[in-house]
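In our numbering, the protein residues as written are 1164 to 1255.
Backbone N, C-alpha and C define an ideal beta-carbon position, used for all residues, glycine too.
Worksheet: the structure to be examined is printed underneath.
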């Protein structure tokens, strides 16, 4: 049966995301987690400045995904990139 990750693990994910929010000026939303057996899944929308290049944004989300995956054994992270200044990005 699928269930959300334990609160402690969700808080740990938020700490990682908060670290990048503070250091890189990004934001995040729509954090969803689930666990199926020993496999863990995280989905999150990452909001970056609209003037960032695709390469810069892609490089950062790769780092964020790897940071979360390395800290939670058996975790797969899926990110969705959004422009932080677009009002429609905040209605998800």
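Exposure of residue 1226, with buried meaning 16 or more beta-carbon neighbours within 10 Å: Counting Cβ neighbours within 10 Å, residue 1226 comes out exposed, since fewer than 16 surround it.
Bounding residues of the beta strand (DSSP E) (the contiguous stretch that carries residue 1247): Bounds of any beta strand (DSSP E) do not take in residue 1247, whose DSSP letter is neither H nor E.
Complete runs of the beta strand (DSSP E) confined to the segment 1169-1235 [at least 3 residues]: With a minimum length of 3 residues, the continuous beta strand (DSSP E) runs that stay inside the segment 1169-1235 are 1190-1199 and 1202-1211.
Cβ pair count under 8 Å reaching 3, the segment 1228-1242 against the segment 1189-1206: Yes, the segment 1228-1242 is in contact with the segment 1189-1206.
Residue 1211 vs residue 1247 beta-carbon contact at 8 Å: Result yes, Cβ atoms of residue 1211 and residue 1247 sit closer than 8 Å.
Cβ separation of residue 1249 and residue 1213, assumed to be a contact under 8 Å, to the nearest whole Å: Contact holds; Cβ gap of about 7 Å.
CA-to-CA distance, residue 1209 to residue 1137, given in whole angstroms: Any answer about residue 1137 is impossible in this case: the structure gives the chain only from 1164 up to 1255.
Exposure of residue 1240, with buried meaning 16 or more beta-carbon neighbours within 10 Å: Burial call: buried.
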